[in-house]
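**Student:** Residue numbers for the sequence shown follow the numbering used here, so the first one is 0 and each next one is one higher.
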Amino acid sequence: MVQRFIENTGVRRIDEITKPVLLKWRTAVGNRSSTTTYNNYHRHMKAVLNYCVEERLIDENPFLSVKPYRRVSGRRAPPSNDDMVALFEYLESDTDDPLSPFYLTMVETLYFTGMRSSQLCGLVWSDIDFETDTILLRKQYSKTGKEWRIALHEDLSETLLDFMIDAKTRFREGFHESDQVFWIQRYCSSYSGGRLTPDKVTGIFKRLNRRIGILVSAHRIRHLFATIAANSHRKEGDDSTDCPMSLVSLQEILGHENITTTTGYIKPQISMQRVVMKSIRRPKRKGWGEE
Numbered sequence: 000m001v002q003r004f005i006e007n008t009g010v011r012r013i014d015e016i017t018k019p020v021l022l023k024w025r026t027a028v029g030n031r032s033s034t035t036t037y038n039n040y041h042r043h044m045k046a047v048l049n050y051c052v053e054e055r056l057i058d059e060n061p062f063l064s065v066k067p068y069r070r071v072s073g074r075r076a077p078p079s080n081d082d083m084v085a086l087f088e089y090l091e092s093d094t095d096d097p098l099s100p101f102y103l104t105m106v107e108t109l110y111f112t113g114m115r116s117s118q119l120c121g122l123v124w125s126d127i128d129f130e131t132d133t134i135l136l137r138k139q140y141s142k143t144g145k146e147w148r149i150a151l152h153e154d155l156s157e158t159l160l161d162f163m164i165d166a167k168t169r170f171r172e173g174f175h176e177s178d179q180v181f182w183i184q185r186y187c188s189s190y191s192g193g194r195l196t197p198d199k200v201t202g203i204f205k206r207l208n209r210r211i212g213i214l215v216s217a218h219r220i221r222h223l224f225a226t227i228a229a230n231s232h233r234k235e236g237d238d239s240t241d242c243p244m245s246l247v248s249l250q251e252i253l254g255h256e257n258i259t260t261t262t263g264y265i266k267p268q269i270s271m272q273r274v275v276m277k278s279i280r281r282p283k284r285k286g287w288g289e290e
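Structure (structure tokens):
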């Protein structure tokens, strides 16, 4: 958590942690994540600084001057089908922007995996195994500090393979398996820094939202993935309750720590994840008279 705070703020000395720095950090985290996520960060960092006060490294805890977000009931709504259709259509048709193919692959990766923006940014080519059709989500980019593999959707497998071939063609000897998959600076030199970050992903979606008139973000897409996948086991006319194994597979994919403690005794099964993955389809506009 401390390392993440340093990376987000650039602050490396305790005496540099001021109220303006913390307010800016709170806004940045709140823009890309849920209020619950920020409040968890706030609580952990506040505890660290309390220890610093006890050890007389600082006189007072600067986190006392910044309040956590107030809890708001309700869930963040996933993007609508129309918004997702509009986003895909825009990126597929906008030939004037050289970054459109990059953005399209980025959005498809989020849509077909449900991964977090931090995991998207941490993805390197060696994490993608095209032989077993799996993706490794590494612990340093995981919210829970755990590492796991997820099944690779067949549509996304084809997209990422084409993206890799294009990268190898573009960069030749400069291409390495350890390269960030979404190394945006290689496609657009105006982006500062050496890596795509969650903050930059947030900025990309904000610009796309303004251009297209939609409301989509990486985390909203994650919610959409969960909504679609959680209902994947249901057949037409089936009013039965949720299938436990479907939800367990979804929990494995999303990396959540709990449905119940029992899931810790269940061995992750890639075959069960594939059932979930096959339920994710590209959004299509509804025909006349369809509901």
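For each residue, glycine too, the CB sits at the ideal point set by N, CA and C.
Please read all numbers here as calculations on a predicted model, not as lab measurements.
1. Among all the DSSP beta bridges, which residues are the ones paired with R148?
2. Specify, as a first and last residue, the run of the alpha helix (DSSP H) that M0 falls within.
3. Identify the residues that DSSP records as bridge partners of I127: which are they?
4. Starting from the C-beta of A150, find all residues in its chain whose C-beta is less than 7 Å away, skip the five residues before and the five after it, and write them out in chain order.
5. With burial defined as no fewer than 16 other Cβ atoms inside 10 Å of the residue's Cβ, what is the status of R25: buried or exposed?
6. The alpha helix (DSSP H) spanning T10 covers which residue range?
7. Among the residues of its own chain, which have a CB less than 8 Å from the CB of E177, if the five just before and after it don't count?
8. Between the C-alpha atoms of I127 and G121, what's the straight-line distance to the nearest angstrom?
9. Only counting the same chain, and skipping five residues up and downstream in sequence, which positions put a Cβ closer than 7 Å to that of L160?
10. Are the CB atoms of V52 and V1 nearer to each other than 8 Å?
11. Out of R12, T17, E107 and T94, point me to the one whose CA is closest to L63's CA.
12. Which runs of the alpha helix (DSSP H) fall wholly inside the segment 15-75 and span at least 4 residues, in chain order?
13. Name the one or two DSSP bridge partners that Q179 has.
14. From which residue to which residue does the alpha helix (DSSP H) around G202 run?
15. In three-state terms, what does DSSP make of S92?
16. Mapping the DSSP letters down to three states, classify Y102 as helix, strand or coil.
17. Leaving out five residues before and five after G263 in sequence, what residues of the same chain have Cβ atoms less than 6 Å from its Cβ?
18. Could you spell out where the alpha helix (DSSP H) holding E172 opens and where it closes?
**Tutor:** So, from the listed chains and residues:
1. L135
2. Counting along the chain, M0 falls outside any alpha helix (DSSP H), and DSSP gives it neither H nor E.
3. I134
4. D132, T133, I269, Q272, R273 and M276
5. buried
6. Reading off the sequence, residue 10 comes out as Val, not Thr. Careful: V10 lies outside any alpha helix (DSSP H) and carries neither H nor E.
7. Just to set this straight, residue 177 is Ser in the shown sequence, not Glu. Counting only Cβ-Cβ distances below 8 Å, and skipping sequence neighbours, we find V123, W124 and S125.
8. Each residue's alpha carbon lies about 12 Å from the other.
9. F129
10. no
11. T17
12. 18-31 and 34-53
13. V123
14. Run containing G202: P197 to I211, per the alpha helix (DSSP H) assignment.
15. helix
16. Per DSSP, reduced to three states, the secondary structure at Y102 is helical.
17. Reliability of the predicted coordinates at G263 is poor, the pLDDT of 34 falling under 50, and the value obtained from them is presented with this limitation in mind. Contacts found: none.
18. Neither: E172 is in no alpha helix (DSSP H) and is coded neither H nor E.
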